[in-house]
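Worksheet: one structure, shown below.
Residue numbers (our numbering): 81 to 594.
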């Protein structure tokens, strides 16, 4: 993983610089390398999730997506979706700070990405000097001089790919045509411990066995897994409520470890890379696994493999719930059920960082203390009629703008009753059972919206999964999310982990250690 950091001072007031930078479609007016830019789908240019497509002065085309915009901290984070350079997994953050004595602005622009080993030095120079340094010089010029003179003479020019080893355009889906590295050793199948289900049922159907793990074929990697994430979707898989696995087979959708070997055509991963994944197809409850390389993400250096295995699926879920299913903004009032759980604990922290008012619900006093430590403004124990009364009292009779409900049957009716006019109920789990048949006509009494998002629909391409994971990792690195050390069970004791999860005997995240 390559890290690039540049910083400096520009002789313009912070508010002036931020007004320009927060417009995600403004860079063609101040960066000397940009010829034209537009926001796709007609979205406002400060919309989190908006994609800007732009052309360079030399004709190159790029696409970038806004992952985070924080007016309080004068900070934005974005990622690269498509570019004519091999900047794999590129995510960058710009932050401004005032220089109080002079009225100037201190800027800090940093990024991380992977790149071919023989091009790391040239790409590091290009990003740090040709993009960051030149861009901030251009921003200063544009704010201090009339627009017609902004790049009249001596303007910095961005060094482009002609100065690098020749490469082809590499889209976010990684359909690269560069010569791949020779596959590492690992052409033989391996034996590995795994949890196998012969039938659907209770935790007792999870049995520890030895399985054969094939060598990676074209476009695949074989991973020696160190930790496996345990999620409620695994329970749905085990019981057959979700048609994810037809026995016999191995359950699980999340794990982290090290690349053991790569198949032909894999260019963005190498043996020894620390990686994680959180997606279908199922099969993660194993010591070793062969996976489609497109589904595997590098782990940033500052995140441990146990935390990555415990948090990627839950963190990606929290990200699309807050930014895609319902775009939460500062001042919104949220209810987060099961706020001390895996997804709930991340929703509380992330929503609080956005500036929302967070009302948490939990089942015990101990979990209430956890929710308060996470940053919840108000905590309610229980989810019955008293919950509705408490929400209405907190909101002075208005109700909540959005409610995140992973409980299902036991909380659904109360959640509907606690919504504001035109409120939004997001039902993303059914820990207490299905909600059953419902008359949607009852929703008209408050003109509420009901959503039932599917994780797979927000992560079903490499571009989407890259964006979601990078948004999560950026939030962690910026300090908005604290990923707690998970509760650890041995892989062979997966049945006990499932029993504890179903009986609410855990808080936070859980992993199986290999």
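Positions of the beta carbon are idealized from the N, C-alpha and C atoms, including for glycine.
For residue i, I'd like the list of residues in its chain whose CB is within less than 8 angstroms of its CB, leaving aside the five on either flank, ordered along the chain.
{"i": "residue 488", "result": "507, 509, 510, 511, 512, 513, 514 and 515"}
{"i": "residue 269", "result": "292, 293, 294 and 295"}
Assuming residue i is part of the beta strand (DSSP E), what are its boundary residues?
{"i": "residue 508", "result": "It is not in any beta strand (DSSP E) - residue 508 carries neither H nor E in the DSSP assignment."}
{"i": "residue 271", "result": "270-277"}
{"i": "residue 155", "result": "155-163"}
{"i": "residue 176", "result": "168-179"}
{"i": "residue 371", "result": "368-372"}
{"i": "residue 569", "result": "567-570"}
{"i": "residue 191", "result": "184-194"}
{"i": "residue 307", "result": "300-310"}
{"i": "residue 81", "result": "Note, residue 81: premise wrong, no beta strand (DSSP E); not H, not E."}
{"i": "residue 405", "result": "Careful: residue 405 lies outside any beta strand (DSSP E) and carries neither H nor E."}
{"i": "residue 415", "result": "413-416"}
{"i": "residue 205", "result": "Run containing residue 205: none in the beta strand (DSSP E); it sits in the alpha helix (DSSP H), 200-205."}
{"i": "residue 482", "result": "480-485"}
{"i": "residue 531", "result": "529-531"}
Looking only at its own chain, which residues have a Cβ that is under 6 angstroms from the Cβ of residue i, when we skip the five neighbours before and after it?
{"i": "residue 178", "result": "94"}
{"i": "residue 186", "result": "89, 177 and 179"}
{"i": "residue 504", "result": "406, 482 and 529"}
{"i": "residue 237", "result": "Residue confidence for residue 237 is low, a pLDDT of 35 falling below 50, so the modelled location carries little weight and cannot support an answer."}
{"i": "residue 96", "result": "223"}
{"i": "residue 242", "result": "In this prediction, residue 242 scores a pLDDT of 33, lower than 50, which makes its location untrustworthy; no coordinate-derived value is stated."}
{"i": "residue 230", "result": "Low confidence applies here, because residue 230 scores a pLDDT of 39, under 50, leaving its location unreliable and the question unanswered by this model."}
{"i": "residue 477", "result": "none"}
Restricting to Cα atoms, I'd like to know which of the options is closest to residue i.
{"i": "residue 375", "options": "392, 307 and 580", "result": "392"}
{"i": "residue 389", "options": "141, 592 and 176", "result": "592"}
{"i": "residue 454", "options": "476, 419 and 478", "result": "419"}
{"i": "residue 457", "options": "449, 589 and 438", "result": "438"}
{"i": "residue 484", "options": "223, 405 and 557", "result": "405"}
{"i": "residue 585", "options": "530, 442, 545 and 499", "result": "442"}
{"i": "residue 70", "options": "314, 206 and 554", "result": "Any question about residue 70 goes unanswered here, given that the chain covers just 81 to 594."}
{"i": "residue 415", "options": "461, 165, 387 and 449", "result": "461"}
{"i": "residue 342", "options": "350, 336 and 204", "result": "350"}
{"i": "residue 87", "options": "213, 421 and 335", "result": "213"}
{"i": "residue 464", "options": "517, 498, 435 and 377", "result": "498"}
{"i": "residue 126", "options": "199, 565, 106 and 215", "result": "106"}
{"i": "residue 99", "options": "118, 379, 122 and 155", "result": "155"}
{"i": "residue 400", "options": "384, 307, 101 and 147", "result": "147"}
{"i": "residue 135", "options": "111, 122, 190 and 151", "result": "111"}
{"i": "residue 165", "options": "193, 544 and 149", "result": "193"}
{"i": "residue 502", "options": "360, 479 and 490", "result": "479"}
{"i": "residue 157", "options": "131, 491 and 571", "result": "131"}
To which residues of the same chain is residue i closer than 7 angstroms at the C-beta, ignoring the five residues directly before and after it?
{"i": "residue 220", "result": "90, 91 and 92"}
{"i": "residue 396", "result": "358, 539, 548, 549 and 552"}
{"i": "residue 430", "result": "398, 402, 555, 560 and 561"}
{"i": "residue 339", "result": "301, 303, 349, 350, 351, 352, 353 and 355"}
For the alpha helix (DSSP H) containing residue i, name the first residue and the last one.
{"i": "residue 389", "result": "385-400"}
{"i": "residue 222", "result": "214-224"}
Return the bridge partner residues of residue i from the DSSP annotation.
{"i": "residue 146", "result": "158"}
{"i": "residue 458", "result": "439"}
{"i": "residue 357", "result": "335"}
{"i": "residue 288", "result": "275"}
{"i": "residue 118", "result": "133"}
{"i": "residue 472", "result": "Residue 472 is not bridged to any residue."}
{"i": "residue 593", "result": "307 and 570"}
{"i": "residue 89", "result": "186"}
Taking only heavy atoms of the ligand ATP into account, decide whether any of them is closer than 6 angstroms to the Cβ of residue i.
{"i": "residue 439", "result": "With respect to small molecules bound, the structure shown includes none, and the ligand ATP cannot be examined in it."}
Using 7 angstroms as the limit for Cβ to Cβ distance, is residue i near chain D?
{"i": "residue 196", "result": "Here there is only one protein chain, and chain D is not present."}
(message) Does the stretch 298-308 come into contact with the stretch 355-372, if we say contact requires no fewer than three beta-carbon pairs (one atom in each stretch) closer than 8 angstroms?
(response) yes
(request) Answer yes if the stretch 154-162 comes into contact with the stretch 124-144, meaning at least three C-beta pairs across the two stretches below 8 angstroms, and no otherwise. (result) yes
(message) Between the stretch 330-338 and the stretch 271-287, can you find at least three pairs of beta-carbon atoms closer than 8 angstroms?
(response) yes
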